[in-house]
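Novice: If you scroll down you'll find the structure; I have some questions about it.
Protein chains: 6
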Amino acid sequence: MKNKNYASDIKTVIDELTGLCPTENMFHPNKEGEPFPSRAIMKDSIKLTRSILFPGFFGNASVNKTTLPYHIGVNVEKLFTMLWEQVYAGLCFDCKEEDIDLEAKREKAFTITLSFVKQLPRIKEVLRTDVEAMYKMDPAAKSYGEIIISYPGLRAITNYRIAHELHKLQTPIIPRIITEMAHAETGIDIHPGARIGESFAIDHGTGVVIGETCIIGNNVRIYQGVTLGAKSFPVDENNIPIKGIDRHPIIKDNVIIYASATILGRIIIGENAVIGGNTWITEDVQPNEKVFIK
Amino acid sequence: MKNKNYASDIKTVIDELTGLCPTENMFHPNKEGEPFPSRAIMKDSIKLTRSILFPGFFGNASVNKTTLPYHIGVNVEKLFTMLWEQVYAGLCFDCKEEDIDLEAKREKAFTITLSFVKQLPRIKEVLRTDVEAMYKMDPAAKSYGEIIISYPGLRAITNYRIAHELHKLQTPIIPRIITEMAHAETGIDIHPGARIGESFAIDHGTGVVIGETCIIGNNVRIYQGVTLGAKSFPVDENNIPIKGIDRHPIIKDNVIIYASATILGRIIIGENAVIGGNTWITEDVQPNEKVFIK
Amino acid sequence: MKNKNYASDIKTVIDELTGLCPTENMFHPNKEGEPFPSRAIMKDSIKLTRSILFPGFFGNASVNKTTLPYHIGVNVEKLFTMLWEQVYAGLCFDCKEEDIDLEAKREKAFTITLSFVKQLPRIKEVLRTDVEAMYKMDPAAKSYGEIIISYPGLRAITNYRIAHELHKLQTPIIPRIITEMAHAETGIDIHPGARIGESFAIDHGTGVVIGETCIIGNNVRIYQGVTLGAKSFPVDENNIPIKGIDRHPIIKDNVIIYASATILGRIIIGENAVIGGNTWITEDVQPNEKVFIK
Amino acid sequence: MKNKNYASDIKTVIDELTGLCPTENMFHPNKEGEPFPSRAIMKDSIKLTRSILFPGFFGNASVNKTTLPYHIGVNVEKLFTMLWEQVYAGLCFDCKEEDIDLEAKREKAFTITLSFVKQLPRIKEVLRTDVEAMYKMDPAAKSYGEIIISYPGLRAITNYRIAHELHKLQTPIIPRIITEMAHAETGIDIHPGARIGESFAIDHGTGVVIGETCIIGNNVRIYQGVTLGAKSFPVDENNIPIKGIDRHPIIKDNVIIYASATILGRIIIGENAVIGGNTWITEDVQPNEKVFIK
Amino acid sequence: MKNKNYASDIKTVIDELTGLCPTENMFHPNKEGEPFPSRAIMKDSIKLTRSILFPGFFGNASVNKTTLPYHIGVNVEKLFTMLWEQVYAGLCFDCKEEDIDLEAKREKAFTITLSFVKQLPRIKEVLRTDVEAMYKMDPAAKSYGEIIISYPGLRAITNYRIAHELHKLQTPIIPRIITEMAHAETGIDIHPGARIGESFAIDHGTGVVIGETCIIGNNVRIYQGVTLGAKSFPVDENNIPIKGIDRHPIIKDNVIIYASATILGRIIIGENAVIGGNTWITEDVQPNEKVFIK
Amino acid sequence: MKNKNYASDIKTVIDELTGLCPTENMFHPNKEGEPFPSRAIMKDSIKLTRSILFPGFFGNASVNKTTLPYHIGVNVEKLFTMLWEQVYAGLCFDCKEEDIDLEAKREKAFTITLSFVKQLPRIKEVLRTDVEAMYKMDPAAKSYGEIIISYPGLRAITNYRIAHELHKLQTPIIPRIITEMAHAETGIDIHPGARIGESFAIDHGTGVVIGETCIIGNNVRIYQGVTLGAKSFPVDENNIPIKGIDRHPIIKDNVIIYASATILGRIIIGENAVIGGNTWITEDVQPNEKVFIK
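Chains as they are written, first to last, in our numbering: chain R, 1279 to 1572; chain Z, 1279 to 1572; chain V, 1279 to 1572; chain A, 1279 to 1572; chain U, 1279 to 1572; chain P, 1279 to 1572.
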């Protein structure tokens, strides 16, 4: 095999690629010692959180009543340490080279992580209502345990509830990575900014999209393929969308939305409404109304 | 960095979380030595099964005609051992602390696993018809080999056929984990309880849902986004759905169902019928009928 | 536990399975020393490519301006080596036992891989336009960096652009594995044969299907659940679909296609057209036309 | 490459090797479900024990005063589970096919493991005296911590003290594996059957051999290359050594033995004796005597 | 933290190191596609060989009489593939850039590996005599099984016997790596060129050295710290030792050599001789003679 | 299986162990965020250093003349990052809780690591003289390459030379871990404080001990089992050895020391002296003198 130009060809490619790197925003140069968000560690953090919230169901440990506090203790502390580093990485993620103060960011990350960890008992309580809701929604569910270890809906909602707490504490990027991890696994895409009440249930779930400014009440049920999206959004003079405008639906308590319904814009779906499958909804729906495809 | 309350804050969280654990069904205490279903080992079992069913295509082994029986031999035995443990874990999964007899469950798991392994040749033969059907369904398919190693439809059907055998043998939870693994990878959600004939083909597949009591004939073709679901289900006096009622469609031989069709309830789609994309079907379709969106 | 027939039962299964293996195309016997495509190595190759295209965002390295050329250099060379082996495996994948010339295939793989690597700078430039397009499409996007590390749309498009280059160089099977890897992660199924222009954006993306013979212009935006599929295809006298016939849509510049639209057949969607969600399109759409569900 | 006989050659080797297997004691056929001792799990068990005995020095955990009980709790329980399985495997190791009662062996393993775990506090206390003795023996030692994390002598003694407890509880094979693991790492070969007092110190240690029936008092110091061996041993009528006869030295309190001394046979080295390096000792040494090479 | 010169300092170091690389023989430039010996793969190959030679004792497989041939079959084939690559790497190791013919080396490696594999049954038979000899040598040995899974002497002899076969087939470097792996684990350093008869036993073994041109008869026993070395060696005009001259001892049948004896030069230790511990032997020893330190 | 007291027994053990932990110096409580030396990362750092010093021989990379600078560049930077963290951990290792200033220690670690990295070219040059010396010492050595990849002597000397640089920069604990890693692998125990000249060669090496205050000239050769140790050492009023006193031998240029010689105390072995095997030396040896056992 004779490959005369191989080495020089490769060298040319390397030089070209290096030359392209200053291209705006396609290269993330590391600032001195700054950490970078790690998908692998986020994955482990979520696994650890699941083993804290649902002890015995996750984490490979033979936990029992006597040893439960030891496991919770070790896992909470381990989670704190892992998450602190990731939140710290998140805080560094988009900052400019000039204004970086690593020590200050590390302290801020400490405060955020501690606040988050203190919310874990509350997250556990809300997730209990979600498990119950999913059990009531699906005749195929044999037990709460089956839902906890195998239902993608619960998996997506768990990630969302974790991510939403971090979002409320103004952690950059990390919440989005957490919900995207669930999106990849389940096909359910819930933006961490959405606000969702108790007893929330999703069945099957592939293709569900819940946008950033959605507000969802208690006891809402959603099936696969449902979109709660924006209808349109204003752009600025550079044709860049204006951030932070309310543009997704408000879903009131006890609403049921069947498969592949598409609900768009800042509209209100009233209490106890039922939205049929494959529908296309861009206007308010009254309380107790039932909307089906004709 | 001064964090006076850190240790005590963490301790409070640990105590709170421990205190919440008796909450009904959110904690799975390990009974003496009882195994727990392992997603990682189930994943390896499925990989191993694929290397048994499609030798040379999976399993990284340089198997050839001379060494084929050695590979099948080692892999079948390894699969038996791995699966035995998981079936055993499945049998322990929901049982009450009072009535657990580990040795009896281990023997029952042995019997189930042996029965399952004896079905492997039949599973292989049915899967061959599925591969052929998928080859005939897709002009983009260059060879059987391409389907075997890269088509998500075949992946989902393989997991389903394995899970369905274990479901028929009344293995708890494990079949569901197997189909959910395929669901996570492919976006195709087939309940292990569904009954599906030969030469079954799914193309693309993301968003497909096939419910627990579906009955599907031979030579049926399905595209992405198709739901074969329940329209409604009766609940008992506690508002809990009644289990085990037939509530999903019956699809007869040679039916084709195009993308995003939604077919709900215990209805019958007759032989040779064609269901167009994005349709919403809640009533019987006659044999040879073609239903399209207008 | 008494299991008299266990060993002989297992032996029977092994013999049966071995006996079934000559079954046409369900067994891939290894030819002397021939490599087989490896999903694990393909996965690592894609990760490596991402760390070359978006340095600092992927690859766990603390790369900075001084060390950038070293990292690009090492990674390009590592990618070349890994990919060469996989392209070689792809060339061996479907060939017959009689006509195999491993050394010739290895040389051809060298040429293909070198050609591919030389395209990396161009791929990087096109992906920059895709990142920009996605930033402009989504009010929830906080920065280019967020899109690069967390948006499934970009992940799917990156895999597609890599796979498409290899497809153009007539690499068998490998491009399909690459796009299926993205399909599994994101629910977005783009065939490597499709031709797609610059500034292509997909949001959310679960359920998107883009067929083998699609042609997509510049600056096109697509939402979740959109199918660009075939309406029907001719079969030969054995009922096998005829390969390579143009059967998917042509989408012109600046088109927007909203969630769950289904567009089928070799039709043309004209420039600046807007296709509403949940629509079913099987005929040409004129430039600037807007098609919505009624 | 033409390799006509390759497949048949390999097949011949396989058949020959299989045919040789009934050879007495060179093949260990697995009895139904019986576990086999695992070097990897033993290694993890020893690591875990070290993290229990020297918390914060081993185990990668950021343990502090508040979280210490959680870590000890989780680790003791994990150790119990891992060791139980290994002790069980040890009990099965040499038993005949006829008389195997797996359930009885599993219970016996439970009892042994529990007895062992109850000795952990006492093992910790004795090891503290060993660390102190090593600190006093070596001017190069900067702190107790340095000894704990880097001295091979302590590593070998720790493994010995663990193995000796299991040996006293009549666990087959496992204690030997534990001391051989230390032998491989440190070159210090202490038989688990030896009896060794408190404040035992070994410096450097490579080549040290301490035989099965040695008895060593308190406060003994040993350097590299020292053998405490047998001089000869009686054999039975089949020329097989008779097991269990006292044949190794007795070393009294406060003895120092310098590098490469060889001490053989059931002799007594009296209190406070000093044995010089490279000596060859086969007779009793009086208390307070100093023996050096001339 | 202000580190102005960091980047330029590092760059200087990189340039200096790069500049030093042409230094004769301290840099191994990769020739096109040439493999390099891998310690990790050699380690796996040795593990695999042990599982072939002592089935059930190594390899984590639950092998029994029925499944034995499958395991041997798969493992022999896997070993062949792994070793072929390593032997090939060995053949490339020292060759000059000008004369490299990779394809020819690959074929030569094939022939060597096949010859080696055909010797496996004979290696197994000799190792059986070694296990027996070690059992007869040590009163502490409870069973053949204990020797097989835990005695470092057997581990070193196994590696030696494998390496010696490859050495006889003129494989470069690989045999040395194999014996050095045993040296690292056991402290027993046997050169692959030494010739050693049946029923060879080493007890404890740390510090044993057996030189390249040693010839050892049948039924020889050796203890820890024994050196069978060269006394001196001639050098050429560049002060480089002349290779391949016989310079190590010849040990006849039934000799016993006790701990730390040093035997140097091409001398003969006659049949049935006994060499005492810590002795220094540089002249022939007569048959049946006993040499002890005075 | 009835195990009434199991849980309470385990709990008692946990409480006892926790209670013992305040025991002086047997528990290392983590101070806020402080890193701890990691054996695994040190191992990787040493591997990385070897791939920098001997490119192409270590590190699995297919480095060639064109790509050499990229590999050196990436590896030097990676080493800097890994080592910085470990040096930082070393600086924290023994410090008291009161006086810890993590940020200052991190900066000091930066300075030490940078100074170390700047020494790499010099270390490479000295190691070249060691490789040459070993090649000249051993008739069995076929090439420099064989020494570089398989000789334990070179491995131990490489670790020593790295550790000694860090020792000179007053890094706590880390240098000791590095030499102990070599000790475990090779049985050669060189204290990082020893001072050793160029062209240093060790053959076989198991059992070699070189003490903290040794001074060794250029061109010295040492065989297995050689001890360069202390004869005695003064203790303070608490019976603790006084640190830092010169107590090991000085070996002048061109000395050869044969197997198992023991040389003790602050004595001088003069230039060109030859020390025979198994000798016991506690007094000065004159230049050119030859000392052999009688």
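Just so it is clear, CB atoms sit at the ideal spot from N, CA and C, and this is done for glycine as well.
Since we're looking at a predicted model, the values are computed, not measured.
Residues of chain R with CB under 7 angstroms from V/T1484, in chain order?
Specialist: Position 206 of the third sequence, counted from the start, is the residue given in the question as residue 1484 of chain V. Ordered by position in chain R, the residues that pass the 7 angstroms Cβ test against V/T1484 are G1465, D1467, T1484, G1485.
Novice: If contact means a Cβ-Cβ distance below 7 angstroms, which residues of the stretch 1556-1567 of chain P contact chain B?
Specialist: The chain labelled as chain B is not found among the protein chains of the depicted structure, namely R, Z, V, A, U and P.
Novice: Kindly list the residues whose CB is nearer than 6 angstroms to the CB of A/L1534, restricted to its own chain and excluding five residues on each side of it in sequence; keep chain order.
Specialist: Walking along the fourth sequence from the start, residue 1534 of chain A turns up at place 256. Correcting the residue type first, residue 1534 of chain A is Ile in the shown sequence and not Leu. For A/I1534, where only same-chain residues beyond five positions count, the Cβ hits under 6 angstroms are R1499, V1552.
Novice: Candidates P/Y1284, P/P1512, P/G1503: which alpha carbon is nearest A/T1389's?
Specialist: Sequence index remark: in the fourth sequence, residue 1389 of chain A carries index 111 (1-based). When each option's Cα is compared against that of A/T1389, the closest is P/Y1284.
Novice: Could you confirm whether any beta carbon from chain U is found closer than 8 angstroms to the beta carbon of P/P1347?
Specialist: Reading the sixth sequence from its first residue, position 69 is the one you call residue 1347 of chain P. Taking Cβ atoms only, chain U reaches closer than 8 angstroms to P/P1347, which makes this a yes.
Novice: Check the Cβ-Cβ distances between A/Y1284 and every residue of chain U, and say whether any is below 8 angstroms.
Specialist: Locating residue 1284 of chain A in the fourth sequence gives position 6, where the first residue counts as 1. With 8 angstroms as the cut-off, A/Y1284 counts as an interface residue toward chain U.
Novice: Need the endpoints of the alpha helix (DSSP H) that R/Y1429 sits in, please.
Specialist: The residue given as residue 1429 of chain R occupies position 151 in the first sequence. Careful: R/Y1429 lies outside any alpha helix (DSSP H) and carries neither H nor E.
Novice: Name the DSSP bridge partner or partners of U/W1231?
Specialist: Here chain U comprises residues numbered 1279 to 1572, so residue 1231 of chain U is not present and cannot be evaluated.
Novice: Mind checking who U/V1563 pairs with in its DSSP beta bridge?
Specialist: As a position in the fifth sequence, residue 1563 of chain U is number 285, starting the count at 1. In DSSP, U/V1563 forms a bridge with U/I1547.
Novice: Is the separation between the beta-carbon of Z/P1470 and that of Z/A1441 shorter than 8 angstroms?
Specialist: Numbered from 1 along the second sequence, position 192 holds the residue referred to as residue 1470 of chain Z. Numbered from 1 along the second sequence, position 163 holds the residue referred to as residue 1441 of chain Z. Yes, Cβ-Cβ distance for Z/P1470 and Z/A1441 is below 8 angstroms.
Novice: To the nearest angstrom, how far is it from the Cα of Z/I1480 to the Cα of V/I1541?
Specialist: Within the second sequence, numbered from 1, the residue matching residue 1480 of chain Z stands at position 202. Within the third sequence, numbered from 1, the residue matching residue 1541 of chain V stands at position 263. Between Z/I1480 and V/I1541, the C-alpha separation is close to 19 angstroms.
Novice: Using 8 angstroms as the threshold, is the stretch 1329-1337 of chain P in touch with the stretch 1303-1312 of chain U, meaning 3 or more CB pairs across them?
Specialist: Enough Cβ pairs lie closer than 8 angstroms, so yes.
Novice: Label U/A1626 either buried or exposed according to how many other C-beta atoms from any shown protein chain fall within 10 Å of its C-beta, with 16 as the threshold for buried.
Specialist: In the structure as shown, chain U starts at 1279 and stops at 1572, and residue 1626 of chain U therefore has no counterpart that could be examined.
Novice: Quick test of your reading: A/I1425 and A/V1404, contact by CB under 8 angstroms. State the CB separation rounded to the nearest angstrom.
Specialist: The residue labelled residue 1425 of chain A in the question sits at position 147 within the fourth sequence. The residue labelled residue 1404 of chain A in the question sits at position 126 within the fourth sequence. Not a contact, Cβ separation roughly 15 angstroms.
Novice: When you compare the CB of Z/T1389 with every CB in chain A, is at least one pair closer than 8 angstroms?
Specialist: Within the second sequence, residue 1389 of chain Z is the residue found at index 111, counting from 1. No, Z/T1389 lies away from the interface with chain A (no Cβ there is under 8 angstroms from its Cβ).
Novice: Can you pull the DSSP bridge partners for V/P1307?
Specialist: Residue mapping note: residue 1307 of chain V aligns to position 29 of the third sequence, counting from 1. Paired residue(s): none; V/P1307 is not in a bridge.
Novice: Please classify V/P1512: is it buried, with 16 or more other beta-carbons within 10 angstroms of its beta-carbon, or exposed?
Specialist: Numbered from 1 along the third sequence, position 234 holds the residue referred to as residue 1512 of chain V. By the neighbour-count rule (16 or more Cβ atoms within 10 Å), V/P1512 is not buried but exposed.
Novice: Report the partner residues of A/F1332 according to the DSSP bridge assignment.
Specialist: Position 54 of the fourth sequence, counting from 1, holds the residue named residue 1332 of chain A. Note: A/F1332 sits in no beta bridge, so no partner.
Novice: Suppose only complete runs of 3+ residues qualify. What are the beta strand (DSSP E) ranges in the stretch 1456-1492 of chain U, listed by chain order?
Specialist: Within the stretch 1456-1492 of chain U, the complete beta strand (DSSP E) runs of at least 3 residues are 1479-1481.
Novice: Who are the near neighbours of Z/N1497 in its chain, counting only those whose CB is closer than 6 angstroms to its CB and skipping five residues on each side?
Specialist: Your numbering for residue 1497 of chain Z matches position 219 in the second sequence. S1477, D1531, N1532, listed in sequence order.
Novice: Taking Cβ positions only, does R/D1372 come closer than 8 angstroms to chain V?
Specialist: Here residue 1372 of chain R is taken as the residue at index 94 of the first sequence, counted from 1. It does: the Cβ of R/D1372 has a partner Cβ on chain V nearer than 8 angstroms.
Novice: Strictly under 8 angstroms for the Cβ-Cβ distance: is P/G1430 near chain A by that measure?
Specialist: Reading the sixth sequence from its first residue, position 152 is the one you call residue 1430 of chain P. In the sequence as displayed, the identity of residue 1430 of chain P is Pro instead of Gly. So, not an interface residue.
Novice: Beta-carbon separation of R/L1392 and Z/D1287 under 8 angstroms?
Specialist: Looking up residue 1392 of chain R in the first sequence gives position 114. Looking up residue 1287 of chain Z in the second sequence gives position 9. Yes, the Cβ-Cβ distance between R/L1392 and Z/D1287 is below 8 angstroms.
Novice: Look up R/K1446 in the DSSP assignment and say whether it is helix, strand or coil.
Specialist: Mapped onto the first sequence, residue 1446 of chain R falls at position 168. R/K1446: helix per DSSP, three-state reduction.
Novice: Roughly how many angstroms separate the alpha carbons of Z/S1340 and V/S1316, rounded to a whole number?
Specialist: In the second sequence, counting from the first residue as 1, residue 1340 of chain Z sits at position 62. In the third sequence, counting from the first residue as 1, residue 1316 of chain V sits at position 38. So the two alpha carbons sit approximately 13 angstroms from each other.
Novice: Is it true that the CB of A/C1370 sits closer than 8 angstroms to the CB of A/K1386?
Specialist: Sequence index remark: in the fourth sequence, residue 1386 of chain A carries index 108 (1-based). Sequence index remark: in the fourth sequence, residue 1370 of chain A carries index 92 (1-based). No. Outside cutoff.
Novice: Where does P/R1454 sit, in a helix, a strand or coil, going by DSSP?
Specialist: The residue given as residue 1454 of chain P occupies position 176 in the sixth sequence. Here P/R1454 sits in helix by DSSP.
Novice: In whole angstroms, what is the alpha-carbon distance linking U/S1323 and U/W1362?
Specialist: Looking up residue 1323 of chain U in the fifth sequence gives position 45. Looking up residue 1362 of chain U in the fifth sequence gives position 84. Taking the straight line joining both Cα atoms gives about 10 angstroms.
Novice: Rounded to the nearest angstrom, what separates U/Y1429 and A/E1458 at their Cα positions?
Specialist: In the fifth sequence, residue 1429 of chain U corresponds to position 151, counting from 1. In the fourth sequence, residue 1458 of chain A corresponds to position 180, counting from 1. Near 8 angstroms, if we compare the C-alpha coordinates of A/E1458 and U/Y1429.
Novice: For V/P1300, does the count of other Cβ atoms within 10 angstroms reach 16, so buried, or fall short, so exposed?
Specialist: Taking the third sequence and counting its residues from 1, the one referred to as residue 1300 of chain V is at position 22. Burial call: exposed.
Novice: In the DSSP assignment, find the unbroken alpha helix (DSSP H) run with A/I1292 in it and report its ends.
Specialist: Working through the fourth sequence from its first residue, we reach residue 1292 of chain A at position 14. Note, A/I1292: alpha helix (DSSP H), 1284-1298.
Novice: Does A/S1510 pass the burial test, meaning 16 or more other C-beta atoms within 10 Å, or should it be called exposed?
Specialist: Taking the fourth sequence and counting its residues from 1, one reaches residue 1510 of chain A at position 232. A/S1510 comes out exposed.
Novice: Please classify P/K1356 as buried or exposed, where buried requires at least 16 neighbouring CB atoms within 10 angstroms.
Specialist: Residue mapping note: residue 1356 of chain P aligns to position 78 of the sixth sequence, counting from 1. Its Cβ being crowded by 16 or more others within 10 Å, P/K1356 is buried.
Novice: Does the beta-carbon distance from U/G1475 to U/G1503 come in below 8 angstroms?
Specialist: Locating residue 1475 of chain U in the fifth sequence gives position 197, counting from the first residue. Locating residue 1503 of chain U in the fifth sequence gives position 225, counting from the first residue. Against a cut-off of 8 angstroms, the Cβ pair of U/G1503 and U/G1475 comes out as no contact.
Novice: Beta-carbon of U/V1291 versus every beta-carbon of chain Z: anything under 8 angstroms?
Specialist: To locate residue 1291 of chain U, count along the fifth sequence from 1; it is residue 13. With 8 angstroms as the cut-off, U/V1291 does not count as an interface residue toward chain Z.
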